[in-house]
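In what follows, a single structure is set out as structure tokens and then discussed.
Protein chains: 2
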Amino acid sequence: MTAPIASFDDLFVGQRFAYGRFALTEAEIIDYALKYDPQPFHTDPEAARAAPLFGGLVASGLHSMGMCFGLIMRSGIWREVSLGGSGIDTRWPAPLRPGEEVAVETEVLALTPSQSRPMGVAKLRHTGTRVADGVCVIEMIGTHFLKRTAAPPLSPTAARGR
Amino acid sequence: MTAPIASFDDLFVGQRFAYGRFALTEAEIIDYALKYDPQPFHTDPEAARAAPLFGGLVASGLHSMGMCFGLIMRSGIWREVSLGGSGIDTRWPAPLRPGEEVAVETEVLALTPSQSRPMGVAKLRHTGTRVADGVCVIEMIGTHFLKRTAAPPLSPTAARGR
């Protein structure tokens with residue numbers, strides 16, 4: 001298990017984290033969708049067979065988001081530094097069907113320290129990849145606010161800028 | 163109640179739909195987050211008071227997404243035409259706290275008929291607005307695939323292109 005990140009400054013662009021895998025049963029897919037995304041291709045296996053784009057029951061994209069973030073947050077990696085987030089751009093390049101195993105990972109895309117507060121903005125790319133064939137079923141680019149425990153020494157350029 | 167949309171071609175850019183309101187209790191916020199977004203400011207009212215950006219318990223952004231889509235889909239407006247979606251870009255401009263009422267609406271941003279299949283791509287902007295003060299707490303721009311029951315007559319230009 002990766003140790004918790006203590007500060008925004010401990011991250012680097014290109015850094016990667018893996019969290020393990022999840023899979024959803026048909027019952028779990030239906031149960032989630034009845035509450036949060038009630039559409040026949042998420043809630044009714046019979047009706048889903050006639051769905052032109054899927055031809056069978058598929059998980060709500062919101063459900064796969066939640067399964068990913070459940071793993072990401074339960075890893076403990078972000079527990080010390082996560083202050084919240086302002087947005088996530090999500091793509092579902094392929095549907096997720098019952099029983100399919102998905103491996104969840106994060107890559108650090110960009111890191112921007114705040115000029116005014118003891119925090120930084122991290123762009124993190126979270127992906128869910130179907131284990132059986134390596135196909136990406138979800139990609140989320142999140143804007144996360146992360147704590148800085150101590151601002152690093154100012155560079156001469158930054159100091160001149162003040 | 164707005165009648166169900168029967169075909170992609172029944173929509174127009176700028177069209178708006180309203181779905182009613184939701185609010186979340188502290189218990190509902192905690193219950194969702196324990197499964198899908200376990201972070202102290204979503205799961206622990208005591209710890210959340212020390213959260214620098216929130217100063218109290220706030221709903222997981224995934225939970226507010228799900229509450230919006232629950233209302234949107236239960237309205238029945240999209241039941242006949244929704245074939246699925248490929249992505250959603252979500253912003254949370256302000257936090258959502260227990261008990262706050264949120265009104266959910268959709269605006270049609272763009273409509274692009276498919277050249278190859280009996281469907282169209284709709285860009286829909288879904289918003290959740292705090293009723294008490296009119297502040298937007300969630301904005302989602304979704305890419306939705308919608309059924310066309312009958313393709314409209316080909317324009318002379320399109321016919322020449324065949």
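Here the protein sequences line up with chains B and G, keeping their order. Just so you know, my numbering puts 134 at position 134 of the first sequence, and the rest follows in order with no gaps. Just so you know, my numbering puts 175 at position 13 of the second sequence, and the rest follows in order with no gaps. Backbone N, C-alpha and C fix where the C-beta goes; we use that ideal spot for every residue, glycine too. Please read all numbers here as calculations on a predicted model, not as lab measurements.
Please tell me whether, using a cut-off of 6 angstroms, the distance from the CB of Gly-282 (chain G) to the nearest non-hydrogen atom of the ligand GTP is below it. Looking for the ligand GTP in the displayed structure turns up nothing, as the structure carries no ligands at all.
Kindly give me the distance between the Cβ atoms of Leu-109 (chain B) and Ile-141 (chain B), rounded to whole angstroms, as I take these residues to be in contact under 8 angstroms. 7 angstroms
Looking at chain B, which residues of the region 203-216 of chain G have a Cβ within less than 8 angstroms of any of its Cβ atoms? Phe-203, Ala-213, Pro-214, Leu-215, Phe-216
Please classify Glu-197 (chain B): is it buried, with 16 or more other beta-carbons within 10 angstroms of its beta-carbon, or exposed? Missing from the structure shown is residue 197 (chain B); chain B here goes from 1 to 162 and no further.
Given this structure, state the Cα-to-Cα distance separating Glu-190 (chain G) from Pro-280 (chain G), to the nearest angstrom. Between Glu-190 (chain G) and Pro-280 (chain G), the C-alpha separation is close to 40 angstroms.
Check whether the region 207-225 of chain G and the region 174-184 of chain G touch, using three or more Cβ-Cβ pairs below 8 angstroms as the test. no
Glu-80 (chain B), enclosing alpha helix (DSSP H) - first and last residue: Counting along the chain, Glu-80 (chain B) falls outside any alpha helix (DSSP H), and DSSP gives it neither H nor E.
Assuming Glu-139 (chain B) and Pro-93 (chain B) make a contact with CB atoms under 8 angstroms, what is their CB distance in whole Å? 7 angstroms
Considering Cα atoms alone, identify which of B:Gly-20, B:Thr-106, B:Pro-98 is closest to Phe-41 (chain B). Nearest C-alpha to Phe-41 (chain B): B:Pro-98.
Measuring CB to CB, does Leu-53 (chain B) end up less than 7 angstroms from Gly-246 (chain G)? Contact: yes.
Determine whether the beta carbon atoms of Gly-249 (chain G) and Thr-90 (chain B) lie at a separation below 7 angstroms. yes
For Phe-17 (chain B), which residues in chain G fall below 9 angstroms Cβ to Cβ? Ordered by position in chain G, no residue passes the 9 angstroms Cβ test against Phe-17 (chain B), which lies about 16 angstroms from the chain.
Check each residue of the region 79-95 of chain B: if its Cβ is closer than 9 angstroms to any Cβ of chain D, include it; give the result in chain order. In the structure shown, chain D does not exist; the protein chains are B and G.
Select from G:Thr-268, G:Val-299, G:Glu-242, G:Ala-294 the residue whose C-alpha is nearest the C-alpha of Glu-174 (chain G). The sequence shown places Phe at residue 174 (chain G), not Glu. The residue with the shortest Cα to Cα distance from Phe-174 (chain G) is G:Thr-268.
For a contact meaning CB atoms closer than 8 angstroms, what does Phe-307 (chain G) contact in chain B? Leu-53
Using the rule of at least 16 other Cβ atoms within 10 Å of the residue's Cβ for burial, across every protein chain shown, is Gly-128 (chain G) buried or exposed? Lying outside 163 to 324, the shown extent of chain G, residue 128 (chain G) is not represented and no answer is given.
Pro-200 (chain G), buried or exposed, once every other Cβ within 10 Å from all chains shown has been counted against 16: buried
Residues near Thr-205 (chain G) by beta carbon distance below 7 angstroms, same chain, minus five either side: Ile-192, Ala-195, Leu-196
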